[in-house]
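As numbered in the working numbering, residues -12 to 152 make up the sequence shown, in order.
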Amino acid sequence: MTQLRYLNGYPATIITQVQSLFDQGKLGLWLEKKYPDPHAIQSDKSLYQFVGELKQRYLKNAPALSKVMFDNKQNPIKGTLGTNTFVSRVQGGKLKANNEIRIATLFREGPEDFLRMIVVHELAHLKEKDHNKAFYQLCCHMEPDYHQLEFDMRVWLNWREIKQS
């Protein structure tokens, strides 16, 4: 039996279903059928445009983003798939603020739906710093299937890790 580390906290019945698909060799096929198309967002510039479009659509009044990039230091094993960093510093007589979003490089390979889910998560942090009810309501406003995509992304992470080992 394989350890499905990214599904910790989910009900045992769901973990059993995913484990069953894996044991039957059908998990990869299920994921490929549900998320068949790769995306074309491969550069930091295209990621910045992708994030900017979502921000403009849903969070027009949120602080501007100074940098958006893929980051190979983001690691799901360490618990980070993306980060939102807010830095304030005094420069001369002015207060300068920078907002950066960094997305794990592994999402270059994944389905666009998973990339969008991570981006929505990080954008929601512009308005809500904590993972509270308002945060998840904002995520669901920007991406109605947010919770399903998060679960499927966790399944994909397990499948990807098992496939590589």
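The beta carbon of each residue, even a glycine, is placed where N, CA and C say it ideally should be. Please read all numbers here as calculations on a predicted model, not as lab measurements.
- [ ] Give the straight-line distance between the Cα atoms of residue 109 and residue 80, rounded to the nearest whole angstrom.
- [x] Locating residue 109 in the sequence shown gives position 122, where the first residue counts as 1. Locating residue 80 in the sequence shown gives position 93, where the first residue counts as 1. Going by the C-alpha atoms only, they are around 30 angstroms apart.
Task: Segment limits, beta strand (DSSP E) that includes residue 32 - done: Locating residue 32 in the sequence shown gives position 45, counting from the first residue. No beta strand (DSSP E) contains residue 32, which is instead part of the alpha helix (DSSP H) from 31 to 45.
Task: Spatially closest choice to residue 46 from 7, 151, 125, by CA coordinates - done: The sequence position of residue 46 within the sequence shown is 59, counting from 1. Nearest C-alpha to residue 46: 125.
Open item on the list: For residue 54, report the span of its beta strand (DSSP E) as first-last.
Closed with: The residue you call residue 54 lines up with position 67 of the sequence shown. First-last of the beta strand (DSSP E) with residue 54: 54 to 58.
Task: Cβ contact check for the stretch 136 to 150 and the stretch -12 to 7: 3 or more pairs under 8 angstroms - done: As far as the Cβ criterion goes, the stretch 136 to 150 touches the stretch -12 to 7, which means the pair count is three or higher.
TODO: Please say whether residue 122 and residue 90 have beta carbons closer to each other than 8 angstroms?
DONE: Against the sequence shown, residue 90 aligns to sequence position 103. Against the sequence shown, residue 122 aligns to sequence position 135. No. Outside cutoff.
TODO: Could you tell me how far apart the beta carbons of residue 131 and residue 26 are, in whole angstroms, since I believe they sit closer than 8 angstroms?
DONE: Here the question's residue 131 lines up with position 144 in the sequence shown. Here the question's residue 26 lines up with position 39 in the sequence shown. Incorrect: roughly 19 angstroms between the Cβ atoms, too far for contact.
Task: Nearest residue (CA-CA) to residue 112, options 59, 50, 102 - done: By one-based count along the sequence shown, residue 112 stands at place 125. Between residue 112 and the set 59, 50, 102, the nearest pair of CA atoms involves 50.
Task: 8 angstroms Cβ cutoff met for residue -6 and residue 141 - done: Locating residue -6 in the sequence shown gives position 7, where the first residue counts as 1. Locating residue 141 in the sequence shown gives position 154, where the first residue counts as 1. It is a contact, given that the beta carbons lie within the stated cut-off.
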